Structures are given as C-alpha cells and as structure tokens.
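Sequences listed follow chains U and S, in order. If you count the first sequence from 1, position 30 lands on 30 in my numbering, and the numbers rise without skipping. Here my numbering runs 1000 ahead of the position in the second sequence, where the first position is 1. Reviewing the structure listed below.
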Amino acid sequence: MPRMTLSHFEASLLFALFTSIVMGVVTKRDDRERLRYGLYVFGCFVVALFGLGWLMHFGHG
Amino acid sequence: MAAKQKQPKEPMPPLRVWAGPVALGWLVPGGGHFLLKRNGRGALLLASITLMYLCGLMMRGAMFQPQSGDLLTIIINTGGFLGDLASGILYLLTVCLNYNQADVPGLVHDYGTKFLVTAGLLNILAIVDAFELAAGRKN
C-alpha cells in the first residue's frame, strides 16, 4: 500500500471535498439543489478551516 | 396559545421493499442506489466514500477496536469501531488482507484514522438515503 503524506491543510481540504460531495448527493431533491448544497457545504468547511486556523494562530500568541 | 401539532409518524414500509437496498448499500458504498437505478448518485457515493477510505488507509490510519475501561474509552472505541464497520466490504477486505495499522502518533496517521471512520459515517448517510428512496419517501 503506497504511503500518502499530506499537510494539515491538504488533508482538511480532501476531507471537506469528499464529505461535501456525499452530503450534497444525499440531502437534496434535485440535481441543481444538490450541486448548490455541495458547494455551500464545501465553502463552509473552507471558511471554518481558515477561521479556526487564524483562531489557533492568535491563541498561541 | 395553540399547542404545536405533532406530525403523524410515517408507517414503516415492508421489509422486502428496503432490506435489499439497505444491505447492498452497507456492503458496497452506493450499492443501494445502483439497485434502485440511481446510477449517477450511486457512482458519486461509491467514488467519494471509497476514495476517502483509501486515502485513510494510505495515510496509515488505525482501525478502532472495542475496548473496556472508563466510559469515554468505551464510547470512543466502540463508536469508532461501528464507524469503521459501516464501510462494509472496504472494512472487511482491509481486515482480511491485514491492511489495518497499529495506532501510532502523528498528524497524518491521525487524519487517516478520521478519514476511515468518516468514510463509514458517510456510508451510513448513503444507506439512510437508499432506505428513503426504497420506501418512497424521497424521489
């Protein structure tokens, strides 16, 4: 099994990508809504990622 | 003040209607959707969940095993084990082929462990969706 080494940021983005695809597919009722919801969830993940990153940056001083 | 009216509970559909999609959905991610002829959505679920699981394995994530001890240990390990188990054939193959890793410290391994559990949890979402489709509660 090949080894995969990712940074925090890359791993979080990959996590956000897969999770938002599945959440988009299973939640809404038509394809347009699914696409929009998937993009919205991915956007929320990215915003939370940067927000928490800066919070930790300032928290550490 | 008007009391909130409770929605009547939907009756449970017969077992034969949803058992196949739910069982196949557990065994193969997206399998329930394929059985219900939702091939596009099934393919997206299969690709996303399988890729997430494979990334977790390649990051050398650890598999949870149920453990006894204090309440938090029991909840974390049993919950993690159920999350791993929810990946169906991916989990079974990993265990049979001995690809499961020991838990080691490190951020990549930690992400890998979370990827493995989350793949199972996402498969549970896919199974619930397959159930709703089979039961006619969703188009």
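All residues carry an ideal CB built from backbone N, CA and C; glycine is no exception. All values derive from a computational prediction rather than experimental measurement.
In the DSSP assignment, the alpha helix (DSSP H) including residue i goes from what residue to what residue?
| i | result |
| --- | --- |
| Tyr1111 (chain S) | Leu1107 to Ala1134 |
| Thr1028 (chain S) | The sequence given here places Val at residue 1028 (chain S); Thr does not occur at that position. Looking at the DSSP string, Val1028 (chain S) is not in any alpha helix (DSSP H), and its letter there is neither H nor E. |
| Thr5 (chain U) | Taken as a continuous stretch (DSSP letters only), Thr5 (chain U) belongs to no alpha helix (DSSP H), as it is neither H nor E. |
| Gly64 (chain U) | The shown model of chain U, from 1 to 61, leaves out residue 64 (chain U), and the question about it has no answer. |
Whose C-beta lies closer than 8 Å to the C-beta of residue i among residues of the same chain, with five residues either side of it excluded?
| i | result |
| --- | --- |
| Tyr37 (chain U) | Met23, Gly24, Thr27 and Lys28 |
| Thr19 (chain U) | Val41 and Phe45 |
What does a CB cutoff of less than 6 Å around residue i pick up in its chain, not counting 5 residues either side in sequence?
| i | result |
| --- | --- |
| Phe1131 (chain S) | Trp1018 and Val1022 |
| Phe1034 (chain S) | Gly1042 |
| Met1063 (chain S) | Asp1084 and Asn1100 |
| Arg1119 (chain S) | First, the amino acid is wrong: residue 1119 (chain S) is Ala here, not Arg. Same-chain partners within the cutoff: Ile1049, Met1052, Tyr1053 and Ser1087. |
How would you call residue i, buried or exposed, if buried means at least 16 neighbouring beta carbons within 10 angstroms?
| i | result |
| --- | --- |
| Trp1026 (chain S) | buried |
| Asn1139 (chain S) | exposed |
| Arg1041 (chain S) | buried |
| Arg34 (chain U) | buried |
| Ala1102 (chain S) | exposed |
| Val943 (chain S) | The structure shown does not extend to residue 943 (chain S), since chain S spans only 1001 to 1139, so no value can be given for it. |
| Ala48 (chain U) | exposed |
CB-CB under 7 Å to residue i, same chain, minus the five flanking residues each way: which ones, in chain order?
| i | result |
| --- | --- |
| Met1001 (chain S) | The pLDDT assigned to Met1001 (chain S) is 49, lower than 50, so where the model puts this residue is not dependable, and the model offers no usable value. |
| Cys1055 (chain S) | Phe1115 |
So for residue i, helix, strand or coil by DSSP?
| i | result |
| --- | --- |
| Ala1086 (chain S) | coil |
| Ala1062 (chain S) | strand |
Nearer than 6 Å: is that true of the beta carbon of residue i relative to any heavy atom of the ligand ADP?
| i | result |
| --- | --- |
| Glu1132 (chain S) | No copy of the ligand ADP appears in this structure; indeed no ligand is present at all. |
Discussion item. Short of 7 Å Cβ to Cβ, which residues in the region 8–20 of chain U face chain S?
Written reply: His8, Ala11, Leu14, Phe15, Phe18 and Thr19
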